[in-house]
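Residue numbers (the numbering used here): 2 to 244.
We put the CB at the ideal spot given by N, CA and C, even for glycine.
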Ligand code: FPP
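Given below as structure tokens:
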């Protein structure tokens, strides 16, 4: 297989197969309303449901959400605790409905470092939904792209892989996203133009879209706009297209 083997072409509808979202701007959304930052994160969680539903309607098959980065441990302890609590609460409250709606939940990131009770909840959510196939909701939690690459290298060494046998395709299979195709489109809300250590290996050929809209305000119309812009892009994967 060649270096683009993880690149799945578009869905039948022309929508990207795999979309990654950097859900930025929760803090500023809250601040503008005179609310605590955690209220912004709660609004961010509430927004996930409508974007997930809209993604299904557009025919997107994999949605990866950047929910907590390895760098986010550096936030004030109260905010870190709040984000952990939010994930636990969300799993408790939403798991049944997500399962009924055919959502397969995945986790990308390190479980180590997360409190053991939350780890169990995450494992439970993955197990319960593992056979669902309407859409994959891949939650990047305690995720860092560089940490992911280091973890892959550690496993490759531990498995005794011969350096000459290491290909891009084999390497990809050691990443947290091992059996998922690479993202076609990365969306970042909140106005920044950075990947912030998100899917840095997998996004090598992804289209990038950023909007100043804060994540809690990123609604169905905003997603539609991003998809229209994606559809207008010509993806060459480094090649020159002949007409
Ligand atoms: C960035 O906003 C967002 C995050 C740190 C993570 C996104 C988190 C959620 C949507 C909620 C958590 C989700 C789950 C499933 C637990 P920011 O705080 O950096 O915003 P700012 O740039 O305006 O300060």
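Q. What three-state label does DSSP hand residue 132 in the structure shown?
A. As a first step, residue 132 is located in the chain shown; it is residue number 131 there, counting from the start. If DSSP states are grouped into helix, strand and coil, residue 132 belongs with coil.
Q. Whose C-beta lies closer than 6 Å to the C-beta of residue 112 among residues of the same chain, with five residues either side of it excluded?
A. In the chain shown, the residue the question calls residue 112 occupies position 111. If we look at residue 112 and ignore the five residues flanking it on each side, its Cβ neighbours are 120.
Q. Near residue 15, which residues of its chain fall below 7 Å by C-beta distance, leaving aside the five closest residues on each side in sequence?
A. Counting from 1 along the chain shown, the entry for residue 15 is found at position 14. Closer than 7 Å at the Cβ level, and outside the excluded window around residue 15, lie 232.
(Q) Starting from residue 207, trace the alpha helix (DSSP H) in both directions and tell me its first and last residue. (A) Within the chain shown, residue 207 is the residue found at index 206, counting from 1. First-last for residue 207: undefined, no H or E at that position.
Q.
The alpha helix (DSSP H) that contains residue 56, what's its start and end?
A. Here residue 56 refers to the residue found at position 55 of the chain shown. Per DSSP, residue 56 belongs to the alpha helix (DSSP H) from 38-59.
Q.
Can you tell me whether residue 46 sits near the ligand FPP, meaning its C-beta is under 7 Å from at least one heavy atom of the ligand?
A. On the chain shown, position 45 is the one that residue 46 refers to. Yes, the Cβ of residue 46 comes within 7 Å of a heavy atom of the ligand FPP.
**Q.** First and last residue of the uninterrupted alpha helix (DSSP H) at residue 231
**A.** In the chain shown, residue 231 corresponds to position 230, counting from 1. Element bounds for residue 231: 221-233.
Q. Using the beta-carbon count (16 or more within 10 Å), is residue 69 buried or exposed?
A. By 1-based counting over the chain shown, the position of residue 69 is 68. Burial call: buried.
Q. In terms of residues, what are the limits of the alpha helix (DSSP H) holding residue 91?
A. For this step, residue 91 is matched to residue 90 along the chain shown. Its alpha helix (DSSP H) spans residues 78-101.
Q. Beta carbon of residue 191: closer than 7 Å to some heavy atom of the ligand FPP?
A. Residue 191 sits at position 190 when you count from the first residue of the chain shown. Because some heavy atom of the ligand FPP lies under 7 Å away, the Cβ of residue 191 counts as near it: yes.
Q) From 17, 110, 130 and 160, pick the residue whose C-alpha is nearest to that of residue 143; which is it? A) On the chain shown, residue 143 is found 142 positions in, with the first residue counted as 1. Comparing Cα-Cα distances from residue 143 to each of 17, 110, 130 and 160, the minimum goes to 110.
Q: Return yes when the C-beta of residue 88 is under 7 Å from any heavy atom of the ligand FPP, and no when it is not.
A: Residue 88 sits at position 87 when you count from the first residue of the chain shown. True, at least one ligand heavy atom lies under 7 Å from that Cβ.
Q | Given residue 238 as reference, the closest of 125, 101, 212 and 185 once Cα atoms are compared | A | Translated into positions along the chain shown, residue 238 becomes position 237. Out of 125, 101, 212 and 185, 185 has the C-alpha closest to the C-alpha of residue 238.
Q. Taking buried to mean at least 16 other C-beta atoms within 10 Å of its own C-beta, is residue 48 buried or exposed?
A. The sequence position of residue 48 within the chain shown is 47, counting from 1. Classification for residue 48: buried.
Q. Apart from the five residues just before and just after residue 30, which ones in its own chain have a Cβ nearer than 6 Å to its Cβ?
A. Indexing the chain shown from 1 puts residue 30 at position 29. So the list reads 41, 215 and 217, once near-sequence residues are dropped.
Q) Can you pull the DSSP bridge partners for residue 247? A) Any property of residue 247 remains undetermined from this structure, which presents the chain solely from 2 to 244.
Q: List the endpoints of the continuous beta strand (DSSP E) containing residue 104.
A: The sequence position of residue 104 within the chain shown is 103, counting from 1. 104-109 is the span of the beta strand (DSSP E), which, as asked, contains residue 104.
Q) Can you give the Cα-Cα distance for residue 17 and residue 195, rounded to whole angstroms? A) As a first step, residue 17 is located in the chain shown; it is residue number 16 there, counting from the start. As a first step, residue 195 is located in the chain shown; it is residue number 194 there, counting from the start. Roughly 20 Å between the two C-alpha positions.
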